[in-house]
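Note sheet for the following structure.
Number of protein chains: 2
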Amino acid sequence: MTTSYSAYPELLARLRRIHVLGTLTGVLGWDEQVNLPPGAAARRGEQLSLLAELTHAEATAPALGAALANCEAAGLAGEVALVVAAARRDYDRAVKLPVELVAEKARLSSEAYHAWAAARAARDFPAFAPFLEKHLALARREAELLGYGGRPYDLAIDRHDPGLDAVRVGALFAELRAGLVPLVRRIDARVQLRGERPVALRGFDIEAQRRVARMVTARLGFDYDRGRLDVSLHPFCEGTGDDVRLTTRFDPDNPLDSLYSSIHEAGHGLYEQGLPSVHAGTALGVAAGLAVHESQSRLWENQVARSRAFWTWLEPEYRAAFSGSLAGVTADALHAAVNEVAPGGLIRVDADEVHYNLHILLRFELEKRLFAGDLAVADLPQAWDDLSGELLGRRPAHAGEGVLQDVHWSGGAFGYFPSYALGNMIAAQLWGAARAALPGLEHDFARGEFGRLLGWLRGTVHAQGRREDAFALTRRATGAELGAGALLEYLNERYGREVG
Amino acid sequence: MTTSYSAYPELLARLRRIHVLGTLTGVLGWDEQVNLPPGAAARRGEQLSLLAELTHAEATAPALGAALANCEAAGLAGEVALVVAAARRDYDRAVKLPVELVAEKARLSSEAYHAWAAARAARDFPAFAPFLEKHLALARREAELLGYGGRPYDLAIDRHDPGLDAVRVGALFAELRAGLVPLVRRIDARVQLRGERPVALRGFDIEAQRRVARMVTARLGFDYDRGRLDVSLHPFCEGTGDDVRLTTRFDPDNPLDSLYSSIHEAGHGLYEQGLPSVHAGTALGVAAGLAVHESQSRLWENQVARSRAFWTWLEPEYRAAFSGSLAGVTADALHAAVNEVAPGGLIRVDADEVHYNLHILLRFELEKRLFAGDLAVADLPQAWDDLSGELLGRRPAHAGEGVLQDVHWSGGAFGYFPSYALGNMIAAQLWGAARAALPGLEHDFARGEFGRLLGWLRGTVHAQGRREDAFALTRRATGAELGAGALLEYLNERYGREVG
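Protein chains in written order, with the working numbering: chain L, 1 to 500; chain U, 1 to 500.
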C-alpha cells in the first residue's frame, strides 16, 4: 500500500501530459481549418504527424505503465479505480500500436483533409478515393493490432463511444428506421400536398449575423472568456475547459444556418466548458462519448432553439438586428422557416430534424459494408446514390452533394456518424426528463433564461465525465433504456401533426 | 568515411524534428497573441512549457549527439561542415541546460505576457516586476550554465545575433549616438521653429485599411498563399517558409500606423518566405540573426515605403480606397504625414525614423545596467524616466508610456532591442548597395514594381541563410564594415535638410 500515495499522483501527472498534448493537437487542428494558408498544408501534416508521435510516446511511456501497475497493486477503489481502469485500457491499446502507424495516420489525415476539400469543390470522387483507401487500410491494421481483427468497424465505433458496437447500434437503428420511415413519408406527403414552402430570408448582414450568433450562444451560457466563435467551411467545436472554440459560417441568404450551426456547436461547447476541470485528462474529466456529446448539441439546437418559447424571446431581438431584411415576414412565417421540413434534401448538415436521421442510417449502412469488405471504395459513389434514392427519395446529381459532402472520412473518422442519430435519441430522452424535472421550462425560454436547463444538464451530464457509457448515462438520467421511442414521439409531436 | 553517408541524413532528420517543433511553438505563440480567450492563459502556459520540454529532449537526444559525432568524424567539408558546426554549437548549449529550466522559462514567458498586458493597461510596474525579476534570474542562471558566467548580457545578445556581444554593440552605438544626437537636435529645432505639424488623418474605414495593407504587402512580394495578415495588440511576424503570419492593428484615426506596421512585418515575412526551404531547420535555412532580420523590415518600411517614388505609385490607389477621408489633403501634406518627425515622442513603436534609435540606445543602456547588477528592477522605472529625459527630451507621465511599453521583457527577450538599431544601420548600408547595383530603382517604385529590389535581397541576403553573421554579411553585401555612417547619412539626407 505504501506506493499508492505516490503512484496515483504520478499517474495523474503522466495523464496530464497526454491531455496537454491532446489540447495542443486540438488547437493545431482548429487552426488548420480556420487559418491555415493554402500553401502550408504539407507543413501542417508534418507538424501533426510529429505531435502524434510524441503523444504516442507519452501514452506508451514505461513510466506510465509502472505508475499504472503501482496503482493497481495498491488496490485503489471508487472513482480513483475508475480513472485507473480507463487509463489501463488506453495504455494497453496504445502499446499495441507502432509509432509509425500513429504518425502515418496523422499525416494522412492532414493531407486527406485538403485533398477532400479540393475533391469536393471539383465533385471528383476518384481524386479522393486513394486517401479513403489508405484510411481504411490503416483502420483495418489498427483493428488487427488491437485484437479487433474480425470486427474493425466495432473498433471504429468504440473509439468514439466506449461500450457501443455495430450490433448494438444496428439494433437501435433498426428500431429507429422502422418508426421513422413511415413518419417521414407521412410528413413529406403533407408538405407536398399543401405545398408548404418557407419564406425566403435574403440579404442578412454578415456582421449582424455574427453579433446575433454570439449574443444567443452567450445567453445560452457559453462563456466567451473561455472560448471563441470563428468561421470555417464545416462548422465544428474544438477544445475543452478554458479554451473551447466554436465555428460557424455565414451566408447572407441563409441566416438560420449560421444561427443554428452556432447554437449546435455551442451545445458541444457547453458540455466541454462544463466538464470538471479538476479531473481534466482523466476519465472523470472527459465527455462520456460522441453520442452523449451530440445529445447536448442537438438538445440546444432543436428541442430548445426551434421551440415557440425560444422565439418568443428571440424574435424582437432578431428583428432589431435585421430590421430591413425581415420586413413583411410574419412571426408565423419566421417560425415555419425555423422548423422547415424539406423533403428530398441531400446534404446532411442542411437537413431538417425530420430527415436528418435518414442521412445517418445511410452512412452507417455504407460504413458497415465498406468494413465488411462487401463494398469497394470504387463502388462507393454508386452505392451512396442508390441508398440515397431509397432512403431520401432522391439521387445526388454529383459527388459534391453525395459521397463527398462530409469531412469525416478525410480524417479517418469512421464509426463517427452513428453518434449523430444516437445523440438525437438521447437528446429526446434527456429533454423529456428535463421537462419533468423542471416544470415551466418554456416560460424560462420565453424570457431568454436558460440557466435552469443548463444547471440540470451540468449536474446530470456534464459533471459526470466518463463515469458511464451512453447506455448507463441515459438510464440514470432518464429512467429509461436508450431507444428510439422518445425521438420518434418528439418528432411526431413537433412535425407529425398540424404545424402552425 | 563510411558513416558519413548515413550520419549526415540522420543529422538532418534530427534537426528537422527540432525545426518542426519550433514551427509548432511558433503557431501556438501566434495564436496566443491573436486568438487566445482571456481565460485560457494558464493552459497556454502549460502547453508551451510541455512543448519546450519536448523540444529540449529532441535538442539533447543522444541520437543527435551520435549523428553529430559521426559527421565530425567523417570530416565533411563545405556547406555541410557549416551545418554540422552550427548544430554542434546548439547541441553543446542545449545539453548544458536542465529541462526544468527550459520548461520553467516557457511557462514564465506565457504567464508574464498576460501579466505584462494587464500591468501595462493598469500602468502598474510593480505588478509586472516579479515576472521581470524571475526572467532575469533565469537568464543569469542560463549564462552560468553555458559558460557566460560573468557576461550574461553577452549571451542574451548572442542568442539573437550570433557573433555579437555587448562590447561590439556598445562601440557601434557610441558611434551612432555621437552622430545622431546632434542631428536629432538640429531637426527637432527646425520642426519646432517652423511649427511643422502633419495633417490629421481621421475616420479611415477599418475594412479599407485592411484591404490596402494586404494589397500593398502583396505588391511588395509577400505571398498570401503562404501567409496571413491578422490583428494583435503589438504587431509581429511569426513563422517561416510556407506559413508566415503578419499582424498589424487598426485605428480609424491613424491609418499610417496599420499601413507601416504591415509593411514592416511584411519585410520580415519576405525574408522568411525567401529562406531556402530545402535547408529548413539547418543553419543554411535560417535567418542570419535579428539585426539582419530587422534590416529587411526597416528597408521596406522606411527606405522604400516612405519615399516619394513609392507614394507616386500608391497615392491614387490610397485616395481611391479612402476617398472621403482624404478630401482636402494635398499630396505634399500626405507625404509630410508619412515622413512626420515628432520631437518628444515616448513610444518606441510610434517613433519616427529620426528618433527611433534613441529609444534603442535607452533600452540597451538599461539592459546593460540590469545585467551588470548596477540597476535593481525596483529602480528601473526611475532609471527609464531619467534616461528618457536625457535622450528623448521628455519623461513619461506613467509606466504605460515608459518602462511597460514593450512586450519583449515579458518573454525574457533581453538583448533583443539592440538588433533594431543595428538593423537600421544594415538597412541603410544595403539600401546604398542596392541603389548602386540597380540603377533607376525609384522608377520601379513609382510604377508599383518591387521585383528587382526583392530579387536583389533574395540573392544577397535571403538565400544565404546563416552562412555569415551580421558583420560578414554586411561586408560582403555592401563592401563596407557595419557602422553608423550610412544610417546617419541617410537620415541627414531625408530629414536633415529642407523637407518638402
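Note that CB positions come from ideal geometry on N, CA and C, so glycine has one too.
With a Cβ-Cβ cutoff of 7 Å, do residue i and residue j count as a contact?
{"i": "Glu175 (chain L)", "j": "Ala484 (chain L)", "result": "yes"}
{"i": "Gly227 (chain U)", "j": "Gly269 (chain U)", "result": "yes"}
{"i": "Leu97 (chain L)", "j": "Leu145 (chain L)", "result": "yes"}
{"i": "Tyr490 (chain U)", "j": "Ala428 (chain U)", "result": "yes"}
{"i": "Val20 (chain U)", "j": "Gln33 (chain L)", "result": "no"}
{"i": "Leu346 (chain U)", "j": "Leu362 (chain U)", "result": "no"}
{"i": "Leu404 (chain L)", "j": "Phe131 (chain L)", "result": "no"}
{"i": "Phe128 (chain U)", "j": "Ala119 (chain U)", "result": "yes"}
{"i": "Ala94 (chain U)", "j": "Ala59 (chain U)", "result": "yes"}
{"i": "Gln219 (chain L)", "j": "Gly440 (chain L)", "result": "The sequence shown places Arg at residue 219 (chain L), rather than the Gln named in the question. No, they are not a contact pair."}
{"i": "Leu473 (chain L)", "j": "Ala288 (chain L)", "result": "yes"}
{"i": "Phe371 (chain L)", "j": "Pro152 (chain L)", "result": "yes"}
{"i": "His135 (chain U)", "j": "Val407 (chain U)", "result": "no"}
{"i": "Thr247 (chain U)", "j": "Ser258 (chain U)", "result": "no"}
Starting from the Cα of residue i, find the closest Cα among the options and give me that residue.
{"i": "Ala477 (chain U)", "options": "U:Ala139, U:Gly459, U:Lys96", "result": "U:Gly459"}
{"i": "Ala42 (chain L)", "options": "L:Glu58, L:Ser110, L:Asn70", "result": "L:Ser110"}
{"i": "Gly150 (chain U)", "options": "U:Ile157, U:Glu58, U:Arg140", "result": "U:Arg140"}
{"i": "Leu164 (chain U)", "options": "U:Val292, U:Lys105, U:Asp253", "result": "U:Val292"}
{"i": "Pro198 (chain U)", "options": "U:Val169, U:His335, U:Val99, U:Pro126", "result": "U:His335"}
{"i": "Gly65 (chain U)", "options": "U:Pro37, U:Asn424, U:Leu15, U:Leu54", "result": "U:Leu15"}
{"i": "Leu51 (chain U)", "options": "U:Leu24, U:Leu290, U:Asp31, U:His135", "result": "U:Leu24"}
{"i": "Asp352 (chain U)", "options": "U:Pro418, U:Arg494, U:Arg435, U:Glu272", "result": "U:Arg494"}
{"i": "Val212 (chain L)", "options": "L:Gly267, L:Leu201, L:Tyr318", "result": "L:Tyr318"}
{"i": "Arg210 (chain L)", "options": "L:Trp456, L:Ala446, L:Ala372, L:Phe322", "result": "L:Phe322"}
{"i": "Asn254 (chain L)", "options": "L:Gly344, L:Thr247, L:Ile206, L:Gly415", "result": "L:Ile206"}
{"i": "Ile157 (chain L)", "options": "L:Glu481, L:Pro439, L:Leu441, L:Gly412", "result": "L:Gly412"}
{"i": "His462 (chain L)", "options": "L:Leu430, L:Glu481, L:Glu442, L:Phe364", "result": "L:Leu430"}
{"i": "Asn70 (chain U)", "options": "U:Gly179, U:Gly432, U:Tyr8, U:Val99", "result": "U:Tyr8"}
{"i": "Glu468 (chain L)", "options": "L:Asp154, L:Asp161, L:Leu246", "result": "L:Asp161"}
{"i": "Arg214 (chain U)", "options": "U:Gly203, U:Phe250, U:Ile187", "result": "U:Phe250"}
{"i": "Ala434 (chain L)", "options": "L:Phe364, L:Ala171, L:Gln296", "result": "L:Gln296"}
{"i": "Val167 (chain L)", "options": "L:Lys368, L:Phe445, L:Tyr416", "result": "L:Lys368"}
{"i": "Ala486 (chain L)", "options": "L:Ala421, L:Glu133, L:Glu196", "result": "L:Ala421"}
So which residues on chain L does residue i lean against when the C-beta distance must stay under 9 Å?
{"i": "Gly22 (chain U)", "result": "Those within 9 Å of Gly22 (chain U) in chain L number zero; the least Cβ separation is about 10 Å."}
Listing by chain order, which chain L residues have their CB less than 8 Å from the CB of residue i?
{"i": "Glu265 (chain U)", "result": "Within 8 Å Cβ-Cβ: nothing; Glu265 (chain U) doesn't reach chain L, min ~15 Å."}
{"i": "Leu454 (chain U)", "result": "Within 8 Å Cβ-Cβ: nothing; Leu454 (chain U) doesn't reach chain L, min ~18 Å."}
{"i": "Asp31 (chain U)", "result": "Val27, Asp31"}
{"i": "Leu54 (chain U)", "result": "Leu54"}
{"i": "Leu50 (chain U)", "result": "Arg17, Val20, Leu21, Leu24"}
If I follow the unbroken alpha helix (DSSP H) through residue i, where does it start and stop?
{"i": "Arg475 (chain U)", "result": "470-478"}
{"i": "Arg44 (chain L)", "result": "41-59"}
{"i": "Gln209 (chain L)", "result": "206-220"}
{"i": "Leu183 (chain L)", "result": "166-194"}
{"i": "Trp456 (chain U)", "result": "451-460"}
{"i": "Leu422 (chain U)", "result": "418-437"}
{"i": "Asp406 (chain U)", "result": "Element bounds for Asp406 (chain U): n/a, residue is neither H nor E."}
{"i": "Gly98 (chain L)", "result": "First, the residue type needs correcting, since residue 98 (chain L) is Pro and not Gly in the sequence shown. It is not in any alpha helix (DSSP H) - Pro98 (chain L) carries neither H nor E in the DSSP assignment."}
{"i": "Asp223 (chain U)", "result": "No alpha helix (DSSP H) holds Asp223 (chain U); DSSP gives it neither H nor E."}
{"i": "Asn35 (chain U)", "result": "Looking at the DSSP string, Asn35 (chain U) is not in any alpha helix (DSSP H), and its letter there is neither H nor E."}
{"i": "Ala67 (chain U)", "result": "62-73"}
{"i": "Tyr148 (chain U)", "result": "Note, Tyr148 (chain U): premise wrong, no alpha helix (DSSP H); not H, not E."}
In chain U, which residues lie with their C-beta within 7 Å of the C-beta of residue i?
{"i": "Pro38 (chain L)", "result": "Asp225"}
{"i": "Asn35 (chain L)", "result": "Arg228"}
In chain U, what lies closer than 9 Å to residue i by C-beta?
{"i": "Glu46 (chain L)", "result": "Arg16, Val20, Thr23"}
{"i": "Asp243 (chain L)", "result": "Leu36, Pro37, Gly39, Ala40, Arg43, Arg44"}
Return the first residue and the last residue of the beta strand (DSSP E) that residue i is part of.
{"i": "Asp230 (chain L)", "result": "227-231"}
{"i": "Gly239 (chain U)", "result": "237-240"}
Length-filtered (4 minimum) alpha helix (DSSP H) runs lying within the segment 242-308 of chain U: 255-274, 290-298
Which runs of the beta strand (DSSP E), 3 residues or longer, sit entirely within the segment 321-398 of chain L? none
Hey, which unbroken runs of the beta strand (DSSP E) at 3 residues or more fall wholly within the segment 113-145 of chain U? none
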